[in-house]
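Residue numbers for the sequence shown, in mature numbering (1 follows the signal peptide of the UniProt record, and there is no 0): -25 to -1, 1 to 609. Glycine included, C-beta positions come from ideal geometry on N, C-alpha and C.
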Amino acid sequence: MEGLSLISCCFFLLGFLFLLGKADPFEDKQALLDFVNQLPHSRSLNWNETSPVCDHWTGVLCNDDKTRVVAVRLPGVGFDGQIPPNTLSRLSGLQILSLRSNRLNGHFPSDFTNLKNLSFLYLQFNNFSGSLPLDFSVWKNLTIINLSHNGFNGSIPNSLSNLTQLASLNLANNSLSGVIPNLNLPKLQQLNLSNNNLNGTLPKSLEKFPKSVFIGNNISFPSSTPPKISPVITPSLVPFSKSKSSGKKLGETALLGIIVAGGVLGLVAFAFLILVFFSRRKKKRDEEDGISGGKLNKGNMSPEKVISRSQDANNRLVFFEGCNYAFDLEDLLRASAEVLGKGTFGTAYRAILEDAATIVVKRLKDVNVGKREFEQQMELVGSIRHENVVELKAYYYSKEEKLMLYEYFTQGSLSAILHGKRGEDRVPLDWDTRLRIAIGAARGIARIHAENGGKLVHGNIKASNIFLNTRQYGCVSDAGLASIMSSLAPPISRAAGYRAPEVTDTRKASQSSDVYSFGVVLLEILTGKSPIHTTAGDEIIHLVRWVHSVVREEWTDEVFDIELMRYPNIEEEMVEMLQIAMSCVVRMPDQRPKIGDVVKMVENVRRLDNESQTHVGNNAESPKPEPRAGTDTE
């Protein structure tokens, strides 16, 4: 019996190991490793032999039973060179391949004919050359093909007509020549053949598409049937359409009314779009890839979120080492988004990619440095690795746009948690959590001040720039932007209450002014009041002055948030924290403590659970929250 039991256990273990092996597609894994090891790339990927492929490798998606790789999405990774033969072509189950926005070159890989299940192919914005494959019929399931912005030459293959599932074909901005074949494709919804060397007469099967998808060629259109505007073209491809003439002249009154109404609407509602969007976007409005193009307008977008697609293709998102996001600017433009807030340095958006991954995009305003200085500052900020500093994941620079990408914190900012939903249904912010927020924020500022030889300044410390990390400690965002912005503009609303007196006068932030701002945050945590708020009688109250006046009258208990009164035995700790805050907001900068001393004082209010050492300055790196991985979404 014991022998039988032992044999049963062995079979069980063998079966378990077999299932484990099946959970990781070994052959596909080796093919991907061969691909990435043979092709130089500037961004690091978390691909290695010891980690499982499915659900772990950046840009890789497996089928439900994890036996095959079905999608590889690696845009903007910095691949440079030719796709190594006999690598990706071994992924026989591959359905989606996106290698766009890299520096791939050479001919279209001949061994891709092995990818019989391929449905979505995105190779745009590379340096491919040579002719297109003669026989596209080997890919019966192809639904979207985007090979735009390459150097392909030769003619458009007739075999494309065999792709009965094809819904989108984009061959724009290549060097294709010859006549356009009669592509009788019943499911074709989106087409772009612009900016090639094509000639001849437009085939009848393609007359439903607008002229804009054929511009930049020598195409003649049948005079009997002028090209129509296709109903499937999305608003982002055609920002506006011209109404057809009725053949009748308008009266002067009606014409004047139309002009006036149009002018008013344009100035009031779309001034920004007219100046930035129409003037630049029209130039390359056909650069959309796939039938998902135009999704930018389908989300909850503010007009301020619209970013021109006519940016230089070389200006791409720059990701920092260790970041395992796999998306690019095009993905960002297609993401739905909502405004989180407008601050001193720009507007923050929550962008939700098509796979539901969420990031924060900060669109900067009034940047007063050139590209080199901007990139140097981003590299400095992006190098900060500390659990109490929100990590900069990537940035984007062009003449018109400067973007910064951060991780999204689901619990929101300290400002939202502290001031939002006051009333019966509100969940109070308890004293222990407020202590952790204060300790974490102080440590984060100390780490920031330690960078760049101890000279880095945050310049915009406020409750809306402090978030809760996974350990419920404060985490500081927007580090190091003050030095690249124009002199600080006069603040509005509650933001004015965070500024030290000398900053209001000089418009220049310093480490000492950061300490002042942090002192205001501590007062905000203690009182539950905004830095500048109004009373029921519309009287404007400045928090620092109000606290000074109350403490001077020895009504200290009146200072504290009424929500904190329910917690026993914390009054002494609150008074100690109040004293720390008051030392930070003294008027003279040289009389304020250094942030390292502030950290020690805040930590000494009470040693919290699992706290054994001070985390300041250049201390050993603390454990970081798990990043929320993003993936490329076509």
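Environment of S123 [buried if 16+ CB atoms lie within 10 Å]: Counted from its first residue, the sequence shown places residue 123 at position 148. Around the beta carbon of S123, a 10 Å sphere encloses 16 or more other beta carbons of the protein chains shown; the residue is thus reported as buried.
V522 and T509 look like a contact to me (Cβ under 8 Å); what is the Cβ gap, rounded to whole Å? What you label residue 522 is simply residue 547 of the sequence shown in a count that begins at 1. What you label residue 509 is simply residue 534 of the sequence shown in a count that begins at 1. At roughly 16 Å, the Cβ-Cβ gap does not stay under 8 Å, so V522 and T509 are not in contact.
Grouping DSSP H, G and I as helix and E and B as strand, with all else coil, what is V495? What you label residue 495 is simply residue 520 of the sequence shown in a count that begins at 1. Residue state, collapsed to three classes: helix.
Quick check: Q486 and V432, are their CB atoms within less than 7 Å of each other? For the purposes of this step, residue 486 is taken as the residue at position 511 of the sequence shown. For the purposes of this step, residue 432 is taken as the residue at position 457 of the sequence shown. The answer is yes: Cβ separation under 7 Å.
Q165 versus I120: straight-line alpha-carbon distance, rounded: Numbered from 1 along the sequence shown, position 190 holds the residue referred to as residue 165. Numbered from 1 along the sequence shown, position 145 holds the residue referred to as residue 120. If you take the alpha carbons of Q165 and I120, they lie about 10 Å apart.
Own chain residues within Cβ distance below 8 Å of L355, not counting five before or after: The residue given as residue 355 occupies position 380 in the sequence shown. Leaving aside the five residues that flank L355 on each side, the residues in its chain whose CB is nearer than 8 Å to its CB run, in chain order, E426, N427, L431, G455.
I need the boundaries of the alpha helix (DSSP H) containing V525, first residue and last residue. Reading the sequence shown from its first residue, position 550 is the one you call residue 525. 518 to 527 is the span of the alpha helix (DSSP H), which, as asked, contains V525.
Tell me, please, which residues DSSP counts as bridged to N193. Locating residue 193 in the sequence shown gives position 218, counting from the first residue. Paired residues: N174.
Secondary structure of T88, DSSP reduced to three states: Looking up residue 88 in the sequence shown gives position 113. DSSP places T88 in helix when its eight states are reduced to three.
Beta-carbon proximity of R338 to L307, cut-off 7 Å: By 1-based counting over the sequence shown, the position of residue 338 is 363. By 1-based counting over the sequence shown, the position of residue 307 is 332. Cβ atoms of R338 and L307: not closer than 7 Å.
Would you list the residues sitting across from Q165 in a DSSP beta bridge? Translated into the one-based positions of the sequence shown, residue 165 becomes position 190. Bridge partners of Q165: S143.
Mind checking which residues open and close the alpha helix (DSSP H) that includes I412? As a position in the sequence shown, residue 412 is number 437, starting the count at 1. Unbroken alpha helix (DSSP H) run through I412: 406 to 429.
Distance, L292 Cα to Y370 Cα: Counted from its first residue, the sequence shown places residue 370 at position 395. Counted from its first residue, the sequence shown places residue 292 at position 317. Approximately 6 Å, taken between the alpha carbons.
T509 by DSSP, collapsed to three states: which one? On the sequence shown, position 534 is the one that residue 509 refers to. Here T509 carries a strand assignment [DSSP, helix/strand/coil].
In the region 347 to 403, which residue ranges form an unbroken beta strand (DSSP E) of at least 3 residues, counting only runs that do not cross its ends? Listed in chain order, the complete beta strand (DSSP E) runs (minimum 3 residues) inside the region 347 to 403 are 367 to 372, 377 to 382.
In terms of residue numbering, what span does the beta strand (DSSP E) encompassing F127 cover? Residue numbering aside, residue 127 sits at position 152 when the sequence shown is read from its first letter. That run of the beta strand (DSSP E) goes 126 to 129.
Assign N12 to one of three DSSP states: helix, strand, or coil. Walking along the sequence shown from the start, residue 12 turns up at place 37. Residue state, collapsed to three classes: helix.
Taking 7 Å as the cut-off, decide whether the C-beta atoms of T176 and Q140 are in contact. Here residue 176 corresponds to residue number 201 of the sequence shown, with the count starting at 1. Here residue 140 corresponds to residue number 165 of the sequence shown, with the count starting at 1. Result no, Cβ atoms of T176 and Q140 do not sit closer than 7 Å.
Taking 8 Å as the threshold, find out whether the region 75 to 85 comes into contact with the region 96 to 112 through three or more Cβ pairs. The region 75 to 85, when compared against the region 96 to 112, does touch it at the 8 Å Cβ threshold.
Would you kindly report the start and end of the unbroken beta strand (DSSP E) that includes T322? The residue you call residue 322 lines up with position 347 of the sequence shown. Per DSSP, T322 belongs to the beta strand (DSSP E) from 321 to 327.
Helix, strand or coil, according to DSSP, for V432 in the structure here? Taking the sequence shown and counting its residues from 1, one reaches residue 432 at position 457. Three-state DSSP puts V432 in coil, outside helix and strand.
Touch check for the region 469 to 484 and the region 441 to 448: three-plus C-beta pairs under 8 Å? Contact fails: fewer than three Cβ-Cβ distances are below 8 Å.
Tell me the start and end of each unbroken beta strand (DSSP E) in the region 32 to 114 that is at least 3 residues and wholly inside, in chain order. Counting only runs of 3 or more residues that sit fully inside the region 32 to 114, the beta strand (DSSP E) segments are 35 to 37, 44 to 48, 71 to 73, 78 to 81, 95 to 97, 102 to 106, in chain order.
Considering only residues of the same chain and omitting the five flanking positions on each side of D55, which have a CB-CB separation below 6 Å? Looking up residue 55 in the sequence shown gives position 80. Scanning its chain for C-beta atoms nearer than 6 Å, with the 5 sequence neighbours on each side dropped, one finds around D55 the residues P15, R78, in chain order.
Which partner residues does A312 have in the DSSP bridge list? What you label residue 312 is simply residue 337 of the sequence shown in a count that begins at 1. Answer is A326, bridged to A312.
Using 8 Å for Cβ pairs, my map puts I507 next to A471. What's the rounded Cβ distance? The residue labelled residue 507 in the question sits at position 532 within the sequence shown. The residue labelled residue 471 in the question sits at position 496 within the sequence shown. Your pair I507 and A471 checks out as a contact, with CB atoms roughly 6 Å apart and the cut at 8 Å.
Taking just the CA atoms, how far does I194 sit from N170? As a first step, residue 170 must be located in the sequence shown, where it is residue number 195. As a first step, residue 194 must be located in the sequence shown, where it is residue number 219. Cα to Cα, the separation comes out at about 11 Å.
Using only the alpha-carbon positions, how far apart do N89 and P50 sit? Locating residue 89 in the sequence shown gives position 114, where the first residue counts as 1. Locating residue 50 in the sequence shown gives position 75, where the first residue counts as 1. Each residue's alpha carbon lies about 22 Å from the other.
Buried or exposed for residue 614, going by 16 or more other Cβ atoms inside 10 Å? The requested residue 614 does not occur in the structure, where the chain is confined to residues -25 to 609.
Check the C-beta distance from T333 over to R325 and give it rounded, since I have them as a contact under 8 Å. Mapped onto the sequence shown, residue 333 falls at position 358. Mapped onto the sequence shown, residue 325 falls at position 350. Contact holds; Cβ gap of about 6 Å.
Mind checking which residues open and close the alpha helix (DSSP H) that includes L553? As a working note, residue 553 is residue 578 in the sequence shown. Segment 546 to 559, the alpha helix (DSSP H) holding L553.
Would you say G34 and R48 are within 7 Å of each other, going by their C-beta atoms? For the purposes of this step, residue 34 is taken as the residue at position 59 of the sequence shown. For the purposes of this step, residue 48 is taken as the residue at position 73 of the sequence shown. Between G34 and R48, the CB-CB gap stays under 7 Å.
Straight-line gap, A484 to Y491 (C-alpha atoms, nearest Å): Within the sequence shown, numbered from 1, the residue matching residue 484 stands at position 509. Within the sequence shown, numbered from 1, the residue matching residue 491 stands at position 516. In a straight line, the C-alpha of A484 is about 11 Å away from that of Y491.
If you draw a straight line from the C-alpha of residue 611 to the C-alpha of V550, how long is it? Shown here, the chain extends from -25 to 609; a query on residue 611 therefore has no answer.
Rounded to a whole number of angstroms, what is the C-alpha to C-alpha distance between C29 and Y473? For this step, residue 29 is matched to residue 54 along the sequence shown. For this step, residue 473 is matched to residue 498 along the sequence shown. One C-alpha to the other measures close to 47 Å.
If I follow the unbroken alpha helix (DSSP H) through T481, where does it start and stop? If you number the sequence shown from 1, residue 481 lands on position 506. Unbroken alpha helix (DSSP H) run through T481: 476 to 481.
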